[in-house]
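J.:
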Amino acid sequence: MSTDLTFHLYRLMVEEVREARRARRELSNIYMSLNLAGVGALGFLAKEDGARLNPALFFWCAIALALTCIIWRTSNAYYTLMLAAKYKNIYQLEDQLGAHPIRDEWSALHGRRAMKWFSLERAMPLIFVLGYALFLVFQTPSDEVAVLYAAARQNMEQLIQLMHAK
140 MSTDLTFHLY RLMVEEVREA RRARRELSNI YMSLNLAGVG ALGFLAKEDG
190 ARLNPALFFW CAIALALTCI IWRTSNAYYT LMLAAKYKNI YQLEDQLGAH
240 PIRDEWSALH GRRAMKWFSL ERAMPLIFVL GYALFLVFQT PSDEVAVLYA
290 AARQNMEQLI QLMHAK
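Put into structure tokens, the structure is as follows:
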């Protein structure tokens, strides 16, 4: 492969990495906004005129938001894998070009990360799920836990029956 073609592919791959990182950032912003709105909705449900909280409604809202966080975390993992594959290709192109600017930059930064496996992007979905669980525990009076469980079980049974009916 000619040097010009290799350099053109290198530039294309670097641009694709930039776009993938931008898309991941935008997706994370959407999930963050959705979860912050969900926290507000749960707060509204918990403070409604001092009346008793409908445990089933509260439970299903918290479950829906937790599932959203699982999807968020899965999306983050997908982007991580995709970017790793793109960087692998970039490194191969750098070998062909004889210069390694991106690999050298990564090597220089790699040793300076205090906590290699922790990032806020990875932690936020889990933090929200933990927050929803704690919010549910503290907002549900102990005498309503059995009611909450029964309502959730009944709703789940109805959902399963609907799925089998189709």
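Following my numbering, the numbering of the sequence shown begins with 140 at its first residue and continues without gaps.
Ideal placement from N, C-alpha and C gives every residue a C-beta, glycine not left out.
Quantities reported herein were computed from a predicted structural model and do not represent experimental measurements.
Given that a residue counts as buried once 16 or more other Cβ atoms are within 10 Å of its Cβ, and exposed if not, what is R150?
T.: As a working note, residue 150 is residue 11 in the sequence shown. Exposed, because fewer than 16 other Cβ atoms sit within 10 Å of the Cβ of R150.
J.: Hey, L184 and C200 are a contact pair by Cβ (cut 8 Å); roughly how many whole angstroms apart?
T.: As a working note, residue 184 is residue 45 in the sequence shown. As a working note, residue 200 is residue 61 in the sequence shown. Right, the Cβ-Cβ distance comes to about 7 Å (below 8 Å), so this counts as a contact.
J.: So, is G177 buried or exposed, given that buried needs 16 or more other C-beta atoms within 10 angstroms?
T.: Here the question's residue 177 lines up with position 38 in the sequence shown. Buried, because 16 or more other Cβ atoms sit within 10 Å of the Cβ of G177.
J.: Counting pairs of Cβ atoms below 8 Å between the segment 156-174 and the segment 207-226, do you hit three or more?
T.: Output reads yes: the segment 207-226 touches the segment 156-174.
J.: If we ignore side chains and look at the alpha-carbon of each, how far apart do P264 and K225 end up?
T.: Stepping through the sequence shown from its first residue, residue 264 is reached at position 125. Stepping through the sequence shown from its first residue, residue 225 is reached at position 86. Cα to Cα, the separation comes out at about 25 Å.
J.: Please determine if the segment 280-300 and the segment 224-238 are in contact, where contact requires at least 3 C-beta pairs separated by less than 8 Å.
T.: With the cut-off at 8 Å, the segment 280-300 and the segment 224-238 do not touch.
J.: Here's a check: name, in chain order, each residue in its chain whose Cβ is nearer than 8 Å to the Cβ of E155, leaving out the five neighbours to either side.
T.: Looking up residue 155 in the sequence shown gives position 16. K225, listed in sequence order.
J.: Determine whether the beta carbon atoms of Y271 and L204 lie at a separation below 8 Å.
T.: Taking the sequence shown and counting its residues from 1, one reaches residue 271 at position 132. Taking the sequence shown and counting its residues from 1, one reaches residue 204 at position 65. Taking 8 Å as the Cβ cut-off, Y271 and L204 qualify as a contacting pair.
J.: The alpha helix (DSSP H) with G182 in it runs from where to where?
T.: If you number the sequence shown from 1, residue 182 lands on position 43. Its alpha helix (DSSP H) spans residues T142 to A185.
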